[in-house]
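Top to bottom, those sequences are chains A and B.
My numbering puts the first sequence at residues -9 to 246.
My numbering puts the second sequence at residues 1299 to 1451.
Below is one structure; the comments refer to it alone.
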Amino acid sequence: MAGKTNDDALFQFLLRMGDNSLILGHRVSEWCGLSPVLEEDIALANTALDLIGQTQFWLGLAGEVEGKGRTADDLAFLRDAWDFRNVLMVELPNGDFGQTMMRQFLYDAWSQVMVGRLIKSGDKRIADIAEKASKEVAYHVERSADTVVGLGDGSEESHARMQAAIDYLWPYVGEMFDGDEVDAAMVAAGIAPDPASLREEYDALVNKVLSEATLKVPTDVFHHKGGRTGYMHTEHLGHLLTSMQWLQRAYPGATW
Amino acid sequence: MGQPSVDTIWDWLDQVPDPEIPVISLVDLGIIRDVQWEGDMLNVTVTPTYSGCPATTIINLDIQTALREHGIEKLTLHRQLSPAWTTDWLTDKGKAALEKFGIAPPSAKGEPERCPNCGGHDLERTSQFGSTPCKALWRCRDCLEPFDYFKCI
């Protein structure tokens, strides 16, 4: 039974990775055609594409590990809110452009540290995905950090909006570093790091960029949780899924 | 017909254009990682450029179509993620074709060597992301033309 328990934990871990990139990828894609300038529109659409591409790898492997014949598409389109394992931050509505870019930076910074560790995963399938994703993540974080600095250290208006964005999003950051028995099983198997062990490197990067952006990092340590464990999502995830899963809900089993 | 050699298959694949940038072939792009016969089954290993590149599906379809037209009946395509694709694998022939087409080829210093239109060196980056995942937008201050740069990864 030990083997089965480990596979269950691995499945959960892969869902968390895949659902984070899927839900954020979908959120970012909502900007398509609406961004402040054309270059930003293209950049956001490309970022969303990368994230959804990474999702195909993570959820594809999750389906393989689960062994019930579910594909990445099945997992993305045929589950309801309670089965998603993404952190709450990625399902929040986009807000204004500044808030979207702040969230992107807070996520990219985590993603960069995380895939950096996963490249050394004892599970080669995971190491391979991380190696592929790391190159894209490097581009993402460079751009989102630049934008956070540009807007934070920009006009009075853009500065105020970016400070409001970090104040709003900060209570959602902590969940990325929570650990539970799934993480403990991943650590024990040499597959993935303890999420808490990423925090120091993360904080160093975030503090450096936010200080360059002349923004204050909130000191409140409270954080929301319930997304990565599936205990309770925000009301926003269900609304997002009605749009993302519309086709499969309206025409079950449709293919193209 | 006898079994075509692996070299012949590579030549055929070198005739298959990249769907997004048709001036270079899939072989020029460096995404064909391996071609091997296993009995009467041809195995072709392909690596994606960017994870979410929408051209990946079309590329696989184009490979299948091309090889089937050459009479290959039993064909399996494999996806290989590691080692991850890098622009270092672009062939010199491919780089030259890109520049001639107006796309600055990737360069080790992480920015275009010169403007593909006028050869100018006074360049600025407009955006790290361009019309496809693999390109960035640049502008030449000499001829004032915008151009694509095939970015290094």
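The beta-carbon is built from N, C-alpha and C at its ideal position, and this holds for glycine as well.
It should be emphasised that the depicted structure is a prediction, and the values quoted were computed from it without experimental measurement.
When CB distances to chain A are screened at a threshold of 8 Å, the residues of the stretch 1432 to 1443 of chain B falling below it are L1435, in chain order. Here the C-alpha atom of C1450(B) lies approximately 6 Å from the C-alpha atom of T1385(B). Contact with chain B is found for Q44(A), since one of that chain's Cβ atoms lies less than 8 Å from the residue's Cβ.
Note that the C-beta distance between V163(A) and H213(A) is below 8 Å. Residues of chain A whose Cβ lies closer than 8 Å to the Cβ of T1424(B) are, in chain order, E29.
The residue from D1446(B), K1393(B), R1437(B) and G1300(B) with its alpha-carbon nearest to that of D1338(B) is G1300(B). With a cutoff of 8 Å on beta-carbon distance, D1446(B) and K1391(B) are scored as not near each other. When rounded, the separation of the alpha-carbon atoms in G15(A) and P1302(B) is 43 Å. If you check the CB distance, M79(A) and L159(A) come in under 8 Å.
Taking the C-beta atoms as reference points, A1382(B) is found no nearer than 8 Å to K114(A). For E1397(B), no beta strand (DSSP E) run applies; the uninterrupted alpha helix (DSSP H) run containing it begins and ends at D1390 to F1399, by DSSP. L1311(B) sits buried, since 16 or more C-beta atoms from the chains shown fall within 10 Å of its C-beta.
Going by beta carbons, I119(A) and F47(A) fall inside the 8 Å limit. Contacts with chain A at 8 Å (Cβ-Cβ) do not include G1369(B). A contact is defined here as three or more CB-CB pairs under 8 Å, and the stretch 15 to 31 of chain A fails this definition with respect to the stretch 56 to 65 of chain A. One finds I32, A33 and N36 in chain A with Cβ atoms closer than 7 Å to the Cβ of F1427(B), taken in chain order. Looking at the DSSP output, T1343(B) bridges to D1332(B) and H1376(B). Per DSSP, K198(A) is one residue of the alpha helix (DSSP H) stretching across R189 to E202. The C-alpha of T1354(B) is placed about 27 Å away from the C-alpha of P1444(B). Here N36(A) is buried, its C-beta having at least 16 other C-beta atoms within 10 Å. Residue pairing of C1438(B) in beta bridges, as defined by DSSP: L1421(B).
Think of a sphere of 7 Å around the beta carbon of A1382(B): the chain A residues whose beta carbon falls inside it are E121, K122 and K125, in chain order.
Around the Cβ of L4(A), a 10 Å sphere holds 16 or more other Cβ atoms; the residue is buried. Listed by position along chain A, the residues whose Cβ is nearer than 8 Å to that of C1351(B) are L39 and G43. Where Y1348(B) is concerned, there is no enclosing beta strand (DSSP E), because DSSP gives it neither an H nor an E. Counting C-beta atoms within 10 angstroms of its own C-beta, T209(A) has fewer than 16 neighbours from the protein chains shown and is therefore classed as exposed. Exposure of K110(A) is indicated by the presence of fewer than 16 other C-beta atoms within 10 angstroms of its C-beta.
In this structure, the beta-carbon distance from Q44(A) to S1405(B) does not fall below 8 Å.
Chain-order list of chain B residues neighbouring D9(A): empty, with the shortest C-beta distance near 16 Å, by a criterion of under 8 Å.
In its chain, beyond the 5 residues on either side, F3 and A182 have a beta carbon closer than 6 Å to the beta carbon of M176(A). DSSP places P161(A) in no beta strand (DSSP E) but in the uninterrupted alpha helix (DSSP H) bounded by E146 to V163. In the structure shown, Y1447(B) falls within a strand segment according to DSSP collapsed to helix, strand and coil. Rounded to whole angstroms, the separation of the alpha carbons of G106(A) and C1432(B) is 22 Å.
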